[in-house]
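Below: one structure, written as structure tokens.
2 protein chains.
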Amino acid sequence: MFAEQIQNVVDKIDGSIGGLIMGLDGIAIDQYVAGGKDFDVNTIGMEFSYILTQVRKAGDILELGGMSEMVIKSEGITLLIRMLTEEYFLAILLEPNSNCGKTRFLMRLAETNLRAEL
Amino acid sequence: MFAEQIQNVVDKIDGSIGGLIMGLDGIAIDQYVAGGKDFDVNTIGMEFSYILTQVRKAGDILELGGMSEMVIKSEGITLLIRMLTEEYFLAILLEPNSNCGKTRFLMRLAETNLRAEL
């Protein structure tokens, strides 16, 4: 059920690699990797679930309110994260120079349905 | 010298709070807070310099290449970070719903001059 909705975002973006829904404890609920791509989406999600926990802690200390979104761009990848609940997030991985704006829009559209199932 | 360039980005964005240039060791080179705003930009930078270090470590482990940009949105703030060198980053803080796209553009424009001085 979740994989179809992740696929629904991933397959609409040129240069998208895959995505997953994961808890901040680093355990994935579901994932989808675009056809023909060989990418360990789960390991990337696990590493960044730890970082998200650190960001949340920093936000609490600094009283910045709950985190809703994070985008990280590196030479090799762009990672977009959207918190769905206090515990779960949707992460989408793109090749560099893919369309971040459209991806964020599609993630926002997917959020309502995903939240209802979490 | 750096503060003027930070100001040059901050003052062109409606709803911007301030900005700073800092090392990953959490020591700021210079900072600027928009007129009338009471915000501890330095403490926020320090907390996120630690997170940036974690992101860099994760990127190394996962072989994702050097990190270039990070955006974090929370209920209370939007934080945009751009790596200037391996060690130093430019961070700009905005109120929620400010224009991130324009801010990223101005940060990119400022990068060349800032790099030349670092």
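Protein chains in written order, with my numbering: chain X, 1 to 118; chain Z, 1001 to 1118.
For every residue, glycine included, the Cβ atom is placed at its ideal position computed from N, Cα and C.
If you're wondering where the values come from, they're calculated on a predicted model, not measured in any experiment.
Neighbour flag for residue i against chain Z, beta carbons, 8 Å
| i | result |
| --- | --- |
| valine 55 (chain X) | yes |
| leucine 64 (chain X) | yes |
| serine 74 (chain X) | yes |
| isoleucine 27 (chain X) | no |
Minimum Cβ-Cβ distance from residue i to chain X less than 8 Å
| i | result |
| --- | --- |
| phenylalanine 1089 (chain Z) | no |
| phenylalanine 1136 (chain Z) | It is not possible to answer for residue 1136 (chain Z), since the shown part of chain Z is limited to 1001 through 1118. |
| isoleucine 1077 (chain Z) | yes |
Within chain X, the residues that residue i reaches when beta carbons sit closer than 8 Å
| i | result |
| --- | --- |
| glutamate 1095 (chain Z) | What glutamate 1095 (chain Z) touches in chain X: nothing, since even the nearest Cβ is about 11 Å away. |
| isoleucine 1051 (chain Z) | Ile51, Gln54, Val55, Ala58 |
Residues that residue i contacts on chain Z, provided the C-beta gap is smaller than 7 Å
| i | result |
| --- | --- |
| glycine 59 (chain X) | Ser1074 |
Closer than 8 Å at the beta carbon, the chain Z residues around residue i
| i | result |
| --- | --- |
| threonine 43 (chain X) | Leu1062 |
| glutamate 69 (chain X) | Val1071, Ile1072, Lys1073 |
Through-space distance from residue j to residue i, alpha-carbon basis
| i | j | result |
| --- | --- | --- |
| methionine 22 (chain X) | phenylalanine 89 (chain X) | 6 Å |
| lysine 1012 (chain Z) | aspartate 1040 (chain Z) | 20 Å |
| isoleucine 1081 (chain Z) | asparagine 97 (chain X) | 18 Å |
| glutamate 995 (chain Z) | glycine 1026 (chain Z) | Outside the shown range of chain Z, which is 1001 to 1118, sits residue 995 (chain Z), and nothing can be said about it. |
| methionine 83 (chain X) | glutamate 1075 (chain Z) | 12 Å |
| methionine 1070 (chain Z) | valine 71 (chain X) | 6 Å |
| glycine 101 (chain X) | serine 1016 (chain Z) | 21 Å |
| leucine 1120 (chain Z) | isoleucine 44 (chain X) | Absent from the structure is residue 1120 (chain Z), since the part of chain Z shown begins at 1001 and ends at 1118. |
| threonine 85 (chain X) | glutamate 1111 (chain Z) | 36 Å |
| methionine 67 (chain X) | glycine 59 (chain X) | 7 Å |
| asparagine 99 (chain X) | isoleucine 6 (chain X) | 16 Å |
| phenylalanine 1139 (chain Z) | valine 55 (chain X) | Because chain Z spans 1001 through 1118 in this model, residue 1139 (chain Z) falls outside it and cannot be assessed. |
| asparagine 1008 (chain Z) | asparagine 8 (chain X) | 41 Å |
| aspartate 1038 (chain Z) | methionine 1046 (chain Z) | 17 Å |
| proline 1 (chain X) | arginine 1104 (chain Z) | A quick correction: the sequence has methionine, not proline, at residue 1 (chain X). If I take the Cα positions, the gap works out to 36 Å. |
| glutamate 1004 (chain Z) | methionine 1107 (chain Z) | 13 Å |
| methionine 1034 (chain Z) | glycine 1019 (chain Z) | Before going further, note that residue 1034 (chain Z) is alanine rather than methionine in the sequence given. If you take the alpha carbons of alanine 1034 (chain Z) and glycine 1019 (chain Z), they lie about 9 Å apart. |
| leucine 24 (chain X) | leucine 109 (chain X) | 22 Å |
| isoleucine 29 (chain X) | arginine 1115 (chain Z) | 42 Å |
| leucine 1118 (chain Z) | glutamate 1087 (chain Z) | 10 Å |
| isoleucine 1061 (chain Z) | tyrosine 1050 (chain Z) | 17 Å |
Entirely enclosed beta strand (DSSP E) segments - the segment 1020 to 1049 of chain Z, minimum 3 residues
1028 to 1033
Uninterrupted beta strand (DSSP E) stretches inside the segment 1049 to 1074 of chain Z (no shorter than 3 residues)
1067 to 1074
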